[in-house]
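A quick write-up on the structure given underneath.
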Amino acid sequence: MPLKKTQKREHWASKFGFVLAATGSAVGLGNMWRFPYKAGEFGGGAFVLVYLIAVIAMGIPVLIAEFIIGRSTQKNPVGAFRALRNNKFWPLVGWLGVLTGFVILSYYCVVGGWILKYIFSSLTGTFQTGAAGVRFESFLASPAEMVFWHGIFMGFTIFIVRGGISSGIEKWSKILMPAFIILLLILMINSLFSPGAEKGISFLLKPDFSKLTREGILEALGSAFFSLSLGMGAMLTYGSYLDKDTNISVSSLEIAFLDTFCAIIAGLMIFPIVFTYNVDPKVGPGMFFITLPEVFASMPTGQLIGFTFFVLVAFAAITSAISLLEVVVSFVMDEFGWTRKKADYLLGFVIFVAGIPSALSFNLWSGFTAWGGKNIFDILDSLASNYMLPIGGFFIAIFAGWILTHGEKEAEIKKVENAFHFYDIWHVLIQYVTPVALLIVLLYTTGALSFF
Ligand code: PHE
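First residue of the sequence shown: 418, per this note's numbering; consecutive thereafter.
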């Protein structure tokens, strides 16, 4: 493919802005919605413990690897692999990443749309007890409404990415992320003063190892990976806008810490109120759109709390969506020489259209199922998060651990003060621990491994 000379590469305006943008990518529906209910399902503190181990053993090492690959090449995922090892294989890992970004964004915006719809409804109507389930069902049943809100969410995403790195993504992350964290802490404190606080906290944090099944362990590994936005080049792309004086090791630790912190705080915000109003905590995926609205309906200040809650979730979701779109946009800008404006509008629109089947899979096309009864939305989600991300992550780990030379890697992270043998520890993890753990996850999800 001809490599066209493109515009000068943009850079983050500040290290702080970069950390907020990357944290914005990491903190999203994965933390707010998936982590709390999975933790509740698989033994609370026991799940949290495995999740923490996964963040340290697989998450942080791959995060560092993606930043190294991105910053050293200053390119999109495909261009980055090609710049480092130009053969038939490695650029394909970049292609897989771009494709994964495309797929995840297409259905992520559908859920993003649901959240916008809930913000809108909490402004115009009230949460009513006993009605949340029916309301959610009737919303899901309306193709036009689903596609409309999906489009609005995509519109916001396109708008932010249009501004570019420092005056789009970074500028908005600097507004949305601090606002998100402040709202999250306020709601958490409010929850901790509710009568169900003690029960809620122990539900989330008290380890019950009997509930930590094998599936739970795998779920914790997969969630940690999805939650840190790893395995598809989003962090690689953000790393490609870094300049040389940002400390990759320290930033990675900060981002991983903030991501995990937000996941736990989300749990501490949700479970106390769920227990206060006696709703079944094991509600699974419907928690956000059915259980919580029920809870808000029973609370004296529920209208305000519910509105604030959906606003903060929207902030988290939008800062993740922009990182997904940026992967695809930067790829087309670098490789085909498109302007940001053209890449952003056109691809944003194409991904919006590609997301329509996911929106319709809850109504008009709900009859279309495959893969053990999954609808289109579930098929795409499971394809991307259970297969494409771990496969991408596995190859990124192999590439960083075994293909790149020490010289190439040390140029990016060794110069950092090495008091705790940071580089050496990272290297053992990325060479052995991370790929083996990811391989086990993959073999297990594909059914090739079922004996443990
Ligand atoms: N990390 C995001 C979340 O937790 C999802 C995401 C995955 C974003 C992969 C970008 C890339 O919701």
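By construction, the Cβ of each residue, glycine as well, lies at the ideal position given by its N, Cα and C atoms.
Of F769, G445, H428 and G530, the smallest CA-CA separation from K588 is found for H428. Boundaries of the alpha helix (DSSP H) around G809: L806 to I815.
The stretch 597-606 makes no contact with the stretch 795-810: fewer than 3 CB pairs, one atom from each, lie closer than 8 Å. Distances between the C-beta of A443 and the heavy atoms of the ligand PHE include at least one below 7 Å.
Annotation: the stretch 687-725 contains the following complete segments of the alpha helix (DSSP H) (minimum length 4 residues), in chain order: 708-715. For P595, the three-state secondary structure derived from DSSP is helix. In this structure, the CA atom of V667 is about 43 Å from the CA atom of A714. Secondary structure of K791 (DSSP, three-state): strand. Residue burial is scored here from C-beta neighbours: K492 has at least 16 other C-beta atoms within 10 angstroms and is therefore classed as buried. When DSSP states are grouped into helix, strand and coil, P612 belongs to the coil group. At a threshold of 7 Å, M475 does not count as near the ligand PHE, since its beta carbon sits no closer than that to any of the ligand's heavy atoms.
Under the criterion of beta carbons closer than 8 Å, I773 and V520 do not qualify as touching, at roughly 14 Å.
Within a 10 Å sphere around the beta-carbon of A596 sit fewer than 16 other beta-carbons, which makes this residue exposed. M649 places its beta carbon less than 8 Å from that of G514. Taking a cut-off of 8 Å on C-beta distances, the stretch 815-826 touches the stretch 491-511, as three or more cross pairs fall below it.
Closer than 7 Å to some heavy atom of the ligand PHE: that does not describe the Cβ of G514. Your pair V578 and D761 checks out as a contact, with CB atoms roughly 5 Å apart and the cut at 8 Å. When the beta-carbon positions are compared, I707 and M716 stay at least 8 Å from each other. Here L675 has T440 as same chain residues with Cβ atoms under 6 Å from its own Cβ, once five neighbours each way along the sequence are excluded. Taking Y655 as the centre and dropping the five residues before and after it, the same chain places the C-beta of A439 closer than 6 Å to its C-beta, in chain order. No Cβ-Cβ contact shorter than 8 Å links P689 with F544. Here L533 is near A731, since their CB atoms are less than 8 Å apart. Residue environment: E752 is assigned as buried (16 or more neighbouring CB atoms within 10 Å of its CB, all protein chains considered). When only Cα atoms are considered, F610 and W450 end up about 22 Å apart.
The ligand PHE has a heavy atom closer than 7 Å to the beta-carbon of L741. The bridge partners DSSP lists for P624 are G461. The C-beta of Y524 has 16 or more other C-beta atoms within 10 Å across all chains shown, which makes the residue buried. At least one heavy atom of the ligand PHE lies less than 7 Å from the C-beta of A651. Using a 10 angstroms sphere on the CB of V845, the tally of other CB atoms stays under 16, which defines it as exposed.
Residue burial is scored here from C-beta neighbours: P612 has fewer than 16 other C-beta atoms within 10 angstroms and is therefore classed as exposed. Here P852 has F811, A814, I815 and G818 as same chain residues with Cβ atoms under 8 Å from its own Cβ, once five neighbours each way along the sequence are excluded.
Here the distance from the Cβ of S646 to the nearest heavy atom of the ligand PHE is below 7 Å.
Per DSSP, reduced to three states, the secondary structure at L601 is helical. Put simply, the stretch 732-745 does not touch the stretch 620-629. Fewer than three CB pairs are less than 8 Å apart. Taking the Cα positions, D795 is about 11 Å away from A776. Ranking V495, A482, S737 and Y454 by CA distance to the CA of F643 puts S737 first.
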